[in-house]
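Chains as they are written, first to last, in the working numbering: chain A, 468 to 771; chain B, 468 to 771. By construction, the Cβ of each residue, glycine as well, lies at the ideal position given by its N, Cα and C atoms. Reviewing the structure listed below.
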């Protein structure tokens, strides 16, 4: 491979980088065996653990937990029922379930989330997210969540876009939460952010958030279905890191798995990824070692 | 206005064309009073009656009706219940209600539609739409629905895109139906097509269409809410022609109303547009006379 410009400067030379660059180049080379018509060049990325740090919890979790704790402070009677009860008592089973995106825990959590922002406007919701992102610091690195975005993945976005791909994020996390940081942090427009979401109703000239979430979560089989609903196709390139990404990676032609094996520069863990770490290599997916394949981990330059 | 190139060649000089061109130019001129940050340049267009002929019925209606009639042919017992009963008896109240996109008629129709494609794959659904588009001819013009797309509106798409706008279609009609023709006919990617839609579930490695439609219809207040869900913002430019577009035009900064007043080159009617034809001028919306503002009506060149 001769390159005049290194398109993935934060990636070490090796089989993962090679596989990515080869696939992406072939995808836009008319006549090549791996050519993909431009309209079909849809790439989908998970967020938590694929684009930014998800340990000990995805950044959205403290945002949500803080809100629910504040609700209990205003109305102590809420502490008598779940999910408020489990949250204020710091029930480890519940909190662990949320961290691992286990359906039962997410389901319970969602009930509280529905109540928390019922009737709010998009502007007020966005402002709450912005305040959180501004003030919250990660325990291990003492950084903002937007500073814990993986630089190598941003370079991958650029590489894909340079070859005519449209890049989407499809995460089990809250669509509206991610949209607040998507444009400045990822360079991805709000409309390309797909995720679990409540309903917003247009009433009396304004949008208000509903308690109910009619659609399914963008987890597991919910990822391909959300992607299809939003884009009208399934992704040809997909990247994830957890078991809840397996279905999304199954439908893609090129599938990338981020392996968290770097205890110093990030975290080393397999929780929530037990299956994908087994089926990935079996299915020929490109396994990316954060320790060996990346020269650097976090986003470079000033905080957006 | 001095123009070296006429960006809207199928539009007659006049106040409508002038208003559009002025607004769009200002939107991308940094420092101008009407400047709009690029990320906010979201334009939304209704489809039936705004991008193509909707008389005597939106083209999707015969596609759906033919399907439901075929179902009754296979299973005559269906004729005992609605909507099959109203369809095979050609009940004028029901058919008129569908043509005018009246909620009660659409609701009833949807029940049959849900049954009709339950369990189908995206590929099979697309193929049925393609077959219909290929074979169906409009009564008045004896043309395909894709030949009855308004040339002036395609030029407007180009003008907007040349000024950094992202163009979305947001129609009460079926999202998945429109997506089949969107790319070749409008030059709009599938992911920028928003509309009423059933659920698709990922099961056993494939997507299947569900009977249920959990979300609301993209009609009336459903237009701003669908647009917000899909794009994370509300449109700054919006175009429509019917009363079900009023809410979408209300939220935009520049609102365009297509007035069907050309009995020879298209149709002359006010049905389903009684309110918008009154509130449009009151609210300073740009009213487009198909007869006076357009030099030509239908898409030029070969059928895509």
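(message) For residue 457 of chain A and residue 690 of chain A, I'd like the C-alpha separation in whole angstroms.
(response) In this structure chain A extends from 468 to 771, so residue 457 of chain A is not present and cannot be described.
(request) Would you give the residue range spanned by the beta strand (DSSP E) that residue 754 of chain A belongs to? (result) 753 to 756
(message) Residues of chain B with CB closer than 8 angstroms to the CB of residue 717 of chain A, please, in chain order.
(response) 672
(message) Excluding the 5 residues flanking residue 701 of chain A on each side, which residues of the same chain have their C-beta closer than 7 angstroms to its C-beta?
(response) 691, 694, 695, 718
(request) Measuring alpha carbon to alpha carbon, tell me which of B:715, B:731, B:740 ends up nearest residue 725 of chain B. (result) B:740
(message) Going by DSSP, what residue range makes up the alpha helix (DSSP H) through residue 580 of chain A?
(response) 570 to 583
(request) Take residue 521 of chain A as the anchor and find which of A:676, A:577, A:762, A:608 has the nearest alpha-carbon. (result) A:608
(message) Taking the beta carbon of residue 752 of chain B as the centre, do at least 16 other beta carbons fall within 10 Å, making it buried, or is it exposed?
(response) buried
(request) Determine the contact status of residue 589 of chain A and residue 674 of chain A, defining contact as a CB-CB distance below 8 angstroms. (result) yes
(message) So, with DSSP's three-state summary, where would you put residue 736 of chain A?
(response) coil
(request) Could you say which of B:503, B:484, B:485 lies nearest to residue 632 of chain B if we only look at CA atoms? (result) B:503
(request) Give every residue of the same chain whose Cβ lies closer than 8 angstroms to the Cβ of residue 680 of chain B, excluding the five residues on either side of it in the sequence, and list them in chain order. (result) 577, 581, 663, 664, 665, 666
(request) Could you pull out every residue in the same chain whose Cβ sits closer than 7 angstroms to the Cβ of residue 648 of chain A, ignoring the five residues on either side in sequence? (result) 600, 613
(message) For residue 695 of chain A, would you say it is in contact with chain B, using Cβ-to-Cβ distances shorter than 8 angstroms as the test?
(response) yes
(request) State the Cα-Cα distance for the pair residue 586 of chain B and residue 482 of chain B, rounded to the nearest angstrom. (result) 50 angstroms
(request) For the beta strand (DSSP E) holding residue 563 of chain A, just list the boundary residues, first then last. (result) Counting along the chain, residue 563 of chain A falls outside any beta strand (DSSP E), though it belongs to the alpha helix (DSSP H) covering 559 to 566.
(message) Considering only their Cβ atoms, is the gap separating residue 754 of chain A from residue 733 of chain A smaller than 8 angstroms?
(response) no
(request) Look at the alpha carbon of residue 685 of chain B and the alpha carbon of residue 661 of chain B, and state the distance between them as a whole number of angstroms. (result) 8 angstroms
(request) Starting from the beta carbon of residue 650 of chain B, find every residue of chain A whose beta carbon is closer than 7 angstroms, and list them in chain order. (result) 506
(request) Let me know the beta strand (DSSP E) ranges lying completely inside the region 691 to 750 of chain B, each 3 residues or longer, listed in chain order. (result) 704 to 707, 721 to 726
(message) Let me check one thing: in DSSP terms, what residues is residue 661 of chain A bridge-paired to?
(response) A:637
(request) Look at the alpha carbon of residue 498 of chain B and the alpha carbon of residue 697 of chain B, and state the distance between them as a whole number of angstroms. (result) 29 angstroms
(message) Per DSSP, what are the beta-bridge partners of residue 617 of chain B in this structure?
(response) B:765
(message) Using the three-state DSSP reduction, which class does residue 500 of chain B fall into: helix, strand or coil?
(response) coil
(request) Round the Cβ separation of residue 617 of chain A and residue 519 of chain A to the nearest angstrom and send it over; I've been treating them as touching at under 8 angstroms. (result) 7 angstroms
(request) Could you have a look at residue 478 of chain B and say whether DSSP puts it in helix, strand or coil? (result) strand
(message) Can you pull the chain B neighbours of residue 667 of chain A, defined as C-beta to C-beta under 7 angstroms?
(response) 692, 695, 696
(message) According to DSSP, residue 668 of chain A sits in a beta bridge with which residue or residues?
(response) A:675
(message) I'd like the list of long-range same chain contacts for residue 592 of chain B, defined as Cβ closer than 8 angstroms, with 5 residues on each side in sequence excluded.
(response) 584, 643, 676
(message) Taking 8 angstroms as the threshold (beta carbon to beta carbon), is residue 748 of chain B in contact with chain A?
(response) no
(request) Could you give the DSSP three-state label for residue 594 of chain B: helix, strand or coil? (result) helix
(request) Please confirm if residue 681 of chain B has its CB atom under 8 angstroms from at least one CB of chain A. (result) yes
(message) For residue 509 of chain B, list the residues DSSP reports as bridge partners.
(response) B:633
(message) Beta-carbon within less than 7 angstroms of residue 736 of chain A's beta-carbon, same chain only, minus the 5 sequence neighbours each way: which residues are those?
(response) 522, 727
(request) Compare the C-alpha of residue 492 of chain B against each of B:568, B:532, B:623 and name the closest. (result) B:623
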